[in-house]
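Peer 1: Residue numbers (my numbering), protein chains in the order written: chain A, 1 to 227; chain B, 1001 to 1255; chain C, 2001 to 2637. Here you go, one structure.
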Amino acid sequence: MDITFVKRLITTSIGRKAVMAVSGLLLGGFMLVHLAENLLLFKGEASYNAWVDLLLSNPVTPLLEVGLLGVFIAHIITGAWVRLEDFLNAPRGYEARKWQGGRTIGSATMLYTAAGILAYLAYHLLTFRFVDHSMGFYQMVTSAFRSPVFVTIYIAGSLALALHLSHGMQSAFQTLGVNHPKYTPLIKAGGLLVAVTMTGFALISLYYLAGIDLKAAEAGYQVVVIQ
Amino acid sequence: MNSSKHFSVIVRVWRQAGPVEPGKMVSYKVANVSPDMSFLEMLDILNDSLLKKNEAPVAFESDCREGICGTCGLVVNGDVHGPDEHSTVCQLHMRRFRDGDVITVEPWRVKAFPVLKDLVVDRSALDRMMAAGGFISVNTGAAPEANSIPVEKDKAEEAMDAAACIGCGACVASCPNGAAMLFTGAKISQLALLPQGGPERAARALSMVAAMDKEGFGNCTNEYECEAVCPKQVKVANIARMNREFLLANLFSKR
Amino acid sequence: MKLDAQIPAGPIEKKWDAHKFNLKLVNPNNRRKFDVLVVGSGLAGASAAASLGELGYNVKVFTLHDSPRRAHSIAAQGGINAAKNYPNDGDSVWRLFHDTVKGGDYRAREANVYRLAQLSNQIIDHCAAIGVPFAREYGGLLSNRSFGGAQLSRTFYARGQTGQQLLLGAYSAMMRQVAAGTVTVFPRREMVDLVIKNGRARGITTRNLVTGDLEAHSGHAVLLCTGGYANVFYLSTNAASCNVSAAWTAYKKGAGFANPCFTQIHPTCIPRSGEHQSKLTLMSESLRNDARVWVPKTRADKRTPHQIPEEERDYFLERRYPAFGNLVPRDIASRAAKTVVDAGFGVGPTGQSVYLDFRDAIKRKGEAKIKDEYGNLFDMYYQITDENGYKTPMRIYPAPHYTMGGLWVDYNLMTTIPGLFALGEANFSDHGANRLGASALMQGLADGFFIAPSTVGGYLAANKFEAASALDPEFSESAKQVQAKINRLISIKGDKTPSELHRQLGNVMWNDAGMGRTEASLKKALKKIPEIREEFWKNVTIAGADKDFNQTLEKAMKVADFLEFAELFVRDALERKESCGGHFREESCTAEGEARRDDANFSHAAVWGYQGEGKEAVLNKEPLEFENIKMAERSYK
């Protein structure tokens, strides 16, 4: 059995980058779904909890979770590997060095935003995943969103994610060989849009921190975002 | 023309006696610089004045001095190939500088291009990559009549855009990761775009990428600094094409 | 010196085929036992190495560059000729042959030129097949353009980078053989001596330019593909490393040097701007398709070009050559510019240039169209001069560009030393006294891809070779002599740099043996050159050690050879008391000042033989017979 083609995905520069790109796109997709889920908060406690219950009772969910973990690990390992090699091979010792306009804030900070996201993820899992869920998910989430400390960390995490994706999304397409004068501008714009969308996480948390939901309820409005 | 307005500059230049010796920046004053002089002619003057003092001149390489041979390559004040866009350092002229300017001159500082002396580096890695597949295997005399293989004009132009690479190594020198993707991508693209290169497309992509990895270049993180400094405006679309060629070859060829 | 050109018998169309049939073949299994040393990796060298490697010979390639891809062939802009007749404008092998012989002012060998024209089509086929991205029409077929000296379109091109693309093609073909193990490339090696054993070329001594070590390489044949010597003028369009040293070494070992005075001066170069100038830059002569060349009618006119009204401008090419106008061949355009400049009509800060004006073309076609066609050249001009060619006329002046002279070779491209071949610009064979545009690339590739692989094989098959190795005394003797020369150079420790002395030589060559030559000027040069040479050997300075990366030493060794070669160049010019092609003797011209050949006395290749240190070279003549083309006066009026 010749598995050279599998090995090449790990042992070659382009293979590793492809794994990183595919896993990155999957993770980006996951984040969009995750954001959509968070929007359910606006529909009220019952709807949100019902969705979470549905999710948790589905036997496929643990499999998806393991899959997600796998994708995440693949992204981290290939990313770390690429970066380690780059660190070892990077031009070193220029007295003066000017960037020529190719780099963006997003591209230059990938490693740092990655570290930020990872740290945030750990915090996120500790606060939401590996805790007592008896109070109900809606309560757990919204009460966290009313804590300034939590929201500050949460906003930092989502901004890091936005910055990461501002480079990562379009970069993944380039890595997978999708570059065409017709489509590349759209892909770049789309990537930026996805990145900007990630600030939605921050906005939702701010919504609860500012207590807009409570004020709205007092005023007798039911805010419905998703019909 | 303002050839009468001669001026002086301070050149801070990397001096390194040999591949394993430590190097350092050394400052020299160069007087009587004409704005019409090329940057390398200014270094010629510096070298002639060093020679007259029986000091070793600064080793640097250049040949055609018109931006096509790819021999020259310096980092000037942090700019790969100097401050002018889309040109090699031999095309830079002193009218870009002012009296009293301090000009920092460094070699390509890339692991895969070790310094031989002063500003001269060894770029033979690029030749070894070419030997790994940067060609079309047709023996002399075996070629069919040239017009028997039509090539779509747009494709031919794109192939020419990629083929314009002069192998100077600026893409590697400017890459935050020391990657040679633009060089390799350009050659793989040129030969993949032309029907003549078709029969060896898959093998070429696999072997050239393997050779590139072996030489100790970095990975691509799609920051496009290479495209920004390339004197021949080779586009990063060529890197995407290389990625595509490689991934498809890996998945679908028999190799 | 015996000059047998080995021209095969029979009608000219059949000579090459007949000759190939008569050449002996080397058994494929035996080829790897033959070592072929190729010096130089330009079009001729790289293509020869590739083809010989494909055949199975054991090939070693030496280049002074860091990579074989940097050879100066790379700088050719315009294109490569071939007699494909794709545009249906009446081209044929015979017409390309005819144009080349006529363009060379009837000073080339007919049989060689015919073969060149014959092979031109195969070169295009092969280059297209190995991935050279030639310009194409919308239908996908190859595109042609016209070029100076021809009245049809036969030039194939790859933007303004044809030389680069062809060289990269030949280089890639060679690198394929490197991968196959038949070719080994030795970069950063300068050939410093030719080693002869029992009368045959059996090896070379090289200097490793990184370590300074002298290295011996033995082989069964040596191919010099080392380019031309236009840098004898110091300022030329050639790259800095172009030199005569390899050819000169061969000459001193017994190879005849033919027509050294035949130099091409290219009309459309950017003029020098001052003493600091290290090289001159050529702009494609295609500019002359649309621009008009002029000078003011008043001497030393200090007005800006815009202040000079139409009636006070002298469009001297149109005036003198109404039929061809601004499109006369290179030698004629160059000389006409020199004539007006010498008479004091030159323009620019130095007075050493003429205007190349696009004003009328821009009026007629619009700036956008002109930008489209020549934009890169306007950019290049702006970068060097800081002047906008769209707004104010460009300034141009002729500059040495190509050398038609070179090592004498027979029909097999073998020099007068058995086993030593010369290919490309390094030989003298195909361009006579003037080379047509887009023919240099053609010749380099014809020699390398197609001719040498047959004729070198023929030589190897026809001869018995005694064993030779790099350990033979001939090699150690060679190294000893080279080392002695290096030691002598290093020990001078004078106060003049090699560049200064080179510039001094260049001034003499340009002023006294350049575009216009007289008996008096040449004799003056013959007096001055030995003086500079003497000064060089007394007063040159080289810092650093020889067993090191030492660019000053490299330069000094080249200048030392130029200083010897220049004298032969001038003697050849003095001896040829006629004007032909790029060689213009002011004594030999018509009443209108045009070049006048003297076919009765000079229809020959002048082949110089070395007689030893301090002795005068001896002139031998290979008569040129024109059986297929009628000699006529070149007229472009």
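Using N, Cα and C, we set each Cβ at its ideal position, and we do this for glycine too.
Taking only beta-carbon positions, decide if CYS1171 (chain B) is within less than 8 angstroms of chain C.
Peer 2: Counting from one through the second sequence, the residue named residue 1171 (chain B) turns up at place 171. With 8 angstroms as the cut-off, CYS1171 (chain B) does not count as an interface residue toward chain C.
Peer 1: Please go through the same chain and pick out, in chain order, the residues whose beta-carbon is closer than 7 angstroms to the beta-carbon of LEU2119 (chain C), but skip the five residues on each side of it.
Peer 2: Here residue 2119 (chain C) refers to the residue found at position 119 when the third sequence is read from its first residue. The beta carbon of LEU2119 (chain C) sits closer than 7 angstroms to the beta carbons of ALA2446, PHE2450 from its chain, once the five residues preceding and following it are set aside; these are given in chain order.
Peer 1: Taking the alpha carbon of GLU2633 (chain C) as the point to measure from, which residue in C:VAL2113, C:LYS2033, C:ARG2597 has its own alpha carbon closest?
Peer 2: As a position in the third sequence, residue 2633 (chain C) is number 633, starting the count at 1. Restricting attention to C:VAL2113, C:LYS2033, C:ARG2597, the CA atom closest to the CA of GLU2633 (chain C) is found in C:ARG2597.
Peer 1: Check whether chain B comes within 8 angstroms of TYR48 (chain A), counting only Cβ atoms and requiring the distance to be less than that.
Peer 2: In the first sequence, the residue the question calls residue 48 (chain A) occupies position 48. It does not: the Cβ of TYR48 (chain A) has no partner Cβ on chain B nearer than 8 angstroms.
Peer 1: Near SER1003 (chain B), what residues of its chain come up, given a Cβ to Cβ distance below 8 angstroms and the 5 sequence neighbours on each side ignored?
Peer 2: Here residue 1003 (chain B) refers to the residue found at position 3 when the second sequence is read from its first residue. At SER1003 (chain B), the pLDDT of 46 sits below 50, so the modelled position is not reliable and the matter cannot be decided from this model.
Peer 1: Per DSSP, which residues does HIS2604 (chain C) bridge with? Please list them.
Peer 2: For this step, residue 2604 (chain C) is matched to residue 604 along the third sequence. Answer is C:PRO2623, bridged to HIS2604 (chain C).
Peer 1: Helix, strand or coil for MET1160 (chain B) per DSSP?
Peer 2: Residue mapping note: residue 1160 (chain B) aligns to position 160 of the second sequence, counting from 1. In the structure shown, MET1160 (chain B) sits in a helix (DSSP, three-state: H, G or I).
Peer 1: Give, in chain order, every residue of the segment 2165–2195 of chain C whose Cβ lies closer than 8 angstroms to some Cβ of chain B.
Peer 2: Result list: GLN2165, LEU2168, TYR2171, SER2172, ALA2173, MET2175, ARG2176, VAL2178, ALA2179, VAL2185, PRO2187.
Peer 1: Cβ closer than 9 angstroms: which chain D residues qualify as neighbours of HIS2276 (chain C)?
Peer 2: This model lacks chain D altogether; the protein chains it does include are A, B and C.
Peer 1: What is the rounded straight-line gap between the Cα of MET1001 (chain B) and the Cα of ALA1202 (chain B)?
Peer 2: Position 1 of the second sequence, counted from the start, is the residue given in the question as residue 1001 (chain B). Position 202 of the second sequence, counted from the start, is the residue given in the question as residue 1202 (chain B). Note on MET1001 (chain B): pLDDT 41, under 50, position unreliable in the model; the coordinate value appears next. Going by the C-alpha atoms only, they are around 54 angstroms apart.
Peer 1: Provide the residue span of the beta strand (DSSP E) that contains PRO2398 (chain C), from first to last.
Peer 2: Looking up residue 2398 (chain C) in the third sequence gives position 398. Start and end: 2394–2403.
Peer 1: The alpha helix (DSSP H) spanning VAL2354 (chain C) covers which residue range?
Peer 2: By 1-based counting over the third sequence, the position of residue 2354 (chain C) is 354. Premise fails: VAL2354 (chain C) lies in the beta strand (DSSP E), 2354–2357, not in any alpha helix (DSSP H).
Peer 1: Determine which residues of the segment 2542–2554 of chain C have a Cβ less than 7 angstroms from any Cβ of chain B, and write them out in chain order.
Peer 2: Flagged, chain order: ALA2543, GLY2544, PHE2549, GLN2551, THR2552.
Peer 1: For LEU176 (chain A), go through chain B and note every residue whose CB falls closer than 9 angstroms to its CB, in chain order.
Peer 2: Counting from 1 along the first sequence, the entry for residue 176 (chain A) is found at position 176. Correct list: ALA1240, ASN1243, ARG1244, LEU1247.
Peer 1: Pair every Cβ in the segment 2599–2609 of chain C with every Cβ in the segment 2106–2126 of chain C, then say whether three or more of these pairs are closer than 8 angstroms.
Peer 2: Here the segment 2599–2609 of chain C lies against the segment 2106–2126 of chain C, with 3 or more beta-carbon pairs under 8 angstroms apart.
Peer 1: Tell me whether LEU9 (chain A) is buried or exposed, calling it buried when 16 or more other Cβ atoms sit within 10 Å of its Cβ.
Peer 2: As a position in the first sequence, residue 9 (chain A) is number 9, starting the count at 1. So LEU9 (chain A) counts as buried.
Peer 1: With DSSP run on the structure shown, which of helix, strand or coil describes ALA1210 (chain B)?
Peer 2: Numbered from its first residue, the second sequence carries residue 1210 (chain B) at position 210. ALA1210 (chain B): helix per DSSP, three-state reduction.
Peer 1: Please report the straight-line C-alpha distance between ALA1205 (chain B) and GLY177 (chain A), rounded to a whole angstrom.
Peer 2: Your numbering for residue 1205 (chain B) matches position 205 in the second sequence. Your numbering for residue 177 (chain A) matches position 177 in the first sequence. For ALA1205 (chain B) and GLY177 (chain A), the distance between alpha carbons rounds to 13 angstroms.
Peer 1: May I ask you to report which of helix, strand or coil DSSP gives ALA1031 (chain B)?
Peer 2: Along the second sequence, read from residue 1 onward, the residue named residue 1031 (chain B) stands at position 31. Reduced to three states, the DSSP call for ALA1031 (chain B) is strand.
Peer 1: Just to make sure I have the definition right: I need the residues of chain A whose C-beta is within less than 7 angstroms of the C-beta of PHE1217 (chain B). Which are they?
Peer 2: As a position in the second sequence, residue 1217 (chain B) is number 217, starting the count at 1. By Cβ distance, chain A contributes ASN89.
Peer 1: From C:THR2339, C:GLU2054, C:GLU2627, C:HIS2019, pick the residue whose C-alpha is nearest to that of ARG2031 (chain C); which is it?
Peer 2: Taking the third sequence and counting its residues from 1, the one referred to as residue 2031 (chain C) is at position 31. Selected option, being the one with the closest Cα: C:GLU2054.
Peer 1: Closer than 8 angstroms, CB to CB, is TYR1028 (chain B) near chain A or not?
Peer 2: For the purposes of this step, residue 1028 (chain B) is identified with residue 28 of the second sequence, where counting begins at 1. Closer than 8 angstroms: no.
Peer 1: With the cut-off set at 8 angstroms, would you say SER1207 (chain B) and GLY1133 (chain B) are in Cβ contact?
Peer 2: Reading the second sequence from its first residue, position 207 is the one you call residue 1207 (chain B). Reading the second sequence from its first residue, position 133 is the one you call residue 1133 (chain B). Against a cut-off of 8 angstroms, the Cβ pair of GLY1133 (chain B) and SER1207 (chain B) comes out as a contact.
Peer 1: Closer than 7 angstroms by beta-carbon distance: list the chain B residues that pair up with LYS2279 (chain C), in chain order.
Peer 2: Residue numbering aside, residue 2279 (chain C) sits at position 279 when the third sequence is read from its first letter. Under the 7 angstroms cutoff, chain B gives ARG1065.
Peer 1: Ends of the beta strand (DSSP E) at ILE2196 (chain C)?
Peer 2: Here residue 2196 (chain C) corresponds to residue number 196 of the third sequence, with the count starting at 1. 2189–2197 is the extent of the beta strand (DSSP E) around ILE2196 (chain C).
Peer 1: What did DSSP end up calling VAL1080 (chain B) once you bin it into helix, strand or coil?
Peer 2: Start at 1 with the first residue of the second sequence, and residue 1080 (chain B) comes out as number 80. Of the three classes helix, strand and coil, the one that applies to VAL1080 (chain B) here is strand, per DSSP.
Peer 1: Write down every uninterrupted run of the beta strand (DSSP E) in the segment 2289–2358 of chain C whose length is 3 residues or greater and which is fully enclosed by it, in chain order.
Peer 2: 2292–2296, 2354–2357
Peer 1: State the start and end residues of the unbroken beta strand (DSSP E) segment that holds PRO2267 (chain C).
Peer 2: For the purposes of this step, residue 2267 (chain C) is identified with residue 267 of the third sequence, where counting begins at 1. First-last of the beta strand (DSSP E) with PRO2267 (chain C): 2263–2269.
Peer 1: List the whole-angstrom C-beta distance separating LEU2553 (chain C) from ILE2532 (chain C), where the pair is believed to meet the contact cut-off of C-beta under 8 angstroms.
Peer 2: Numbered from 1 along the third sequence, position 553 holds the residue referred to as residue 2553 (chain C). Numbered from 1 along the third sequence, position 532 holds the residue referred to as residue 2532 (chain C). At roughly 19 angstroms, the Cβ-Cβ gap does not stay under 8 angstroms, so LEU2553 (chain C) and ILE2532 (chain C) are not in contact.
Peer 1: Below 9 angstroms between beta carbons is the criterion; list the residues of the segment 2051–2063 of chain C that meet it against any residue of chain B, in chain order.
Peer 2: The residues in question are SER2051, GLU2054, LEU2055.
Peer 1: To the nearest angstrom, how far is it from the Cα of TYR123 (chain A) to the Cα of GLY93 (chain A)?
Peer 2: By 1-based counting over the first sequence, the position of residue 123 (chain A) is 123. By 1-based counting over the first sequence, the position of residue 93 (chain A) is 93. Each residue's Cα considered, the two are about 37 angstroms apart.
Peer 1: Check the DSSP bridge columns for ASP2035 (chain C) and list the partner residues they point to.
Peer 2: Looking up residue 2035 (chain C) in the third sequence gives position 35. According to DSSP, ASP2035 (chain C) bridges with C:ASN2058.
Peer 1: Could you tell me whether any Cβ in chain B is nearer than 8 angstroms to the Cβ of VAL2210 (chain C)?
Peer 2: Taking the first residue of the third sequence as 1, we reach residue 2210 (chain C) at position 210. By this cut-off, VAL2210 (chain C) is an interface position.
Peer 1: Helix, strand or coil: which one does DSSP assign to HIS2217 (chain C)?
Peer 2: Position 217 of the third sequence holds residue 2217 (chain C). The answer is strand: DSSP assigns HIS2217 (chain C) an E or B state.
Peer 1: What is the residue span of the beta strand (DSSP E) that GLN1947 (chain C) lies within?
Peer 2: Since the first and last residues shown for chain C are 2001 and 2637, residue 1947 (chain C) lies out of range.
Peer 1: For the pair the segment 1074–1081 of chain B and the segment 204–211 of chain A, tell me if three or more CB-CB distances fall below 8 angstroms.
Peer 2: no
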